[in-house]
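Quick note: to get this note's numbering, add 1393 to the position in the sequence shown (first position is 1). Note that CB positions come from ideal geometry on N, CA and C, so glycine has one too. One structure below.
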Amino acid sequence: MNDLLYAVTKTPEYQKTINEVKSQRAERQPAQESNTEEWGVHLIESLPSVLRGKAVAIMAAQALSERVGRTHKYESDQTRQLALMAAIPNWLLAQRQLDKYGKTMERCEKKKLLGPVITFNHALRKIIDAEQCSGMQQLINFVTDIVLMMGESKEVVQYAENAAQIILIGMRQEIAAESVLSSMQEVYGIRGANDEEELDGIDIIVVTYKGIEVGIDIKSSQTAADKANKIAREHGDTEYMAVWSGFTGRDFGNKLILENWQLRNKQGYYRSVMDVVIQQAGHNVA
């Protein structure tokens, strides 16, 4: 993290900010003789929160751009960490706005805020898919460390921790469901929601099961699935289908990815669930 903090002093945007603040402070106190880069690293800790968040985003994005430019890849552990780091400031701002005002927002306004949330989710998913991080708490700590670096209050740091935990709990359930379905002979194809669907707030897995394409929304409990289905029916949506993943928090513990034997043991459950789903969609079970 210190290396990444140091890297911010190499970006023109951050150096401009540093110079502006430094010139303002020079009028109030004598400048200390020190290496410019080292001085910049210490100064970031005393910048206003808004500037620190921007500095973090600029720093990570710049470092990511330089690394990708050198390697022509987006596959190393560090590039994935940088992508997540660059996404956190805008995600935090957007997520807080959505939580506070999302229910009363116009669709176009809400759609704009979903962009940073999706970017953040994709960055998390890349790290998990690469098995770069096996523990959920490790990823949560990474997020909160960045938010602390941004100079946010304890309240905001706690909010970020809770929000990241909620996202990761849902994400690991989806990953488990996708893994079980992908291992089944009856499944011919599976994909997550595309970018446009995600921007419309659609968070589903599209499965081709026994030659029939259906969408399912994975939930972390049967209660949550039943509630989501009830709401959908009350609004006249007969196609929506929420499904419990079949796994509990006890199955995962702190893990993000389950063991193969745990996934195999749920194939029977998913066969029965998918038979019900395609029947509800108006198809006969072969």
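- Shown here, A1586 sits in coil according to DSSP, grouped into three states, outside any helix or strand.
- Take the alpha-carbon of M1634 and the one of I1609: they are about 5 Å apart.
- The Cβ neighbour count for S1527, taken over all protein chains shown within 10 Å, is under 16; the residue is labelled exposed.
- By the Cβ rule, the stretch 1644-1661 counts as touching the stretch 1563-1570, because three or more pairs are nearer than 8 Å.
- Look at D1610 here: in three-state DSSP terms it is strand.
- Look at the beta carbons and you see the stretch 1524-1540 not touching the stretch 1486-1500: under three pairs across the two are nearer than 8 Å.
- Its chain contains V1599 as the residues whose beta carbon lies nearer than 7 Å to that of R1584, once the 5 sequence neighbours on both sides are disregarded; these appear in chain order.
- M1667 places its beta carbon 9 Å or farther from that of K1612.
- When beta bridges are read from the DSSP output, W1637 appears opposite K1612.
- With respect to the 9 Å criterion, A1553 and E1545 are classified as neighbours on the basis of their beta carbons.
- In this structure, the alpha-carbon of I1511 lies about 20 Å from that of V1549.
- When rounded, the separation of the alpha-carbon atoms in K1659 and A1618 is 17 Å.
- Boundaries of the alpha helix (DSSP H) around T1537: 1529-1542.
- From the listed residues I1521, M1498, V1670, D1630, the smallest Cα separation to S1469 is found for I1521.
- Within the DSSP secondary-structure output, I1598 pairs in a beta bridge with G1585, I1609.
- Note: V1580 is bridge-paired with Y1602 in the DSSP secondary-structure output.
- Its Cα nearest to that of R1664, the residue T1601 stands out among K1503, T1601, R1565.
- Secondary structure within the stretch 1476-1509: not one fully enclosed beta strand (DSSP E) run of 3 or more consecutive residues is present.
- When beta bridges are read from the DSSP output, K1648 appears opposite G1528.
- N1658 sits in coil when the DSSP states are folded into three classes, being neither helix nor strand.
- When the beta-carbon positions are compared, L1656 and V1573 come within less than 9 Å of each other.
- H1515 carries a helical assignment under DSSP once its states are collapsed to helix, strand and coil.
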